[in-house]
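This report refers to the structure that appears directly beneath it.
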Amino acid sequence: KLSCLSDDELLTYKMMSDPSKIMAMKFLWRLQVSLLMGKPSFIPHVTLKMIHMSLVHGMSAMYAIGFVYFGSILASIGNINDGYRFVKLAKNIVQRFGYKDVAGEG
Numbered sequence: 081k082l083s084c085l086s087d088d089e090l091l092t093y094k095m096m097s098d099p100s101k102i103m104a105m106k107f108l109w110r111l112q113v114s115l116l117m118g119k120p121s122f123i124p125h126v127t128l129k130m131i132h133m134s135l136v137h138g139m140s141a142m143y144a145i146g147f148v149y150f151g152s153i154l155a156s157i158g159n160i161n162d163g164y165r166f167v168k169l170a171k172n173i174v175q176r177f178g179y180k181d182v183a184g185e186g
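Numbering of the sequence shown is given in the working numbering, commencing with residue 81 and proceeding in unit increments.
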């Protein structure tokens with residue numbers, strides 16, 4: 081489904097409104113940070129879960145983080161163009177919605 085959506089569609093995607101889903105996304109984000117130190121091989125699984133939750137339940141601040149990790153994974157396996165697309169998309173999401181805490185500016 082992700083490959084069928086344009087950048088504009090992803091930038092204007094529905095917002096996540098369920099507080100339990102937002103909390104789950106925050107948990108997954110914190111899990112990714114922990115996995116960097118302990119089990120980096122699990123990061124793609126968590127990243128894909130974040131992307132899936134975003135597509136099913138809507139966008140949150142963690143949406144951008146999921147795309148950064150997803151873009152990094154794509155680039156690391158040689159898909160530089162798509163990797164760049166998703167990292168750039170994450171930056172646009174942060175700029176558009178003012179998620180400064182996610183960008184490390186808050």
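Backbone N, C-alpha and C fix where the C-beta goes; we use that ideal spot for every residue, glycine too.
Buried/exposed call for residue i, threshold 16 Cβ in 10 Å
{"i": "leucine 116", "result": "exposed"}
{"i": "isoleucine 173", "result": "buried"}
{"i": "glutamate 185", "result": "In this prediction, glutamate 185 scores a pLDDT of 48, lower than 50, which makes its location untrustworthy; no coordinate-derived value is stated."}
{"i": "glycine 118", "result": "exposed"}
For residue j and residue i, believed in contact at Cβ under 8 Å, the rounded distance
{"i": "valine 126", "j": "phenylalanine 147", "result": "No, valine 126 and phenylalanine 147 are not in contact; Cβ-Cβ is about 13 Å, not under 8 Å."}
{"i": "leucine 154", "j": "lysine 129", "result": "The pair is not a contact, with the Cβ atoms about 16 Å apart (cut-off 8 Å)."}
{"i": "methionine 96", "j": "histidine 137", "result": "5 Å"}
Range covered by the alpha helix (DSSP H) that runs through residue i
{"i": "leucine 154", "result": "141-156"}
{"i": "serine 100", "result": "99-118"}
Contact check, residue i vs residue j, beta carbons under 7 Å
{"i": "glutamine 112", "j": "isoleucine 123", "result": "yes"}
{"i": "lysine 81", "j": "leucine 169", "result": "no"}
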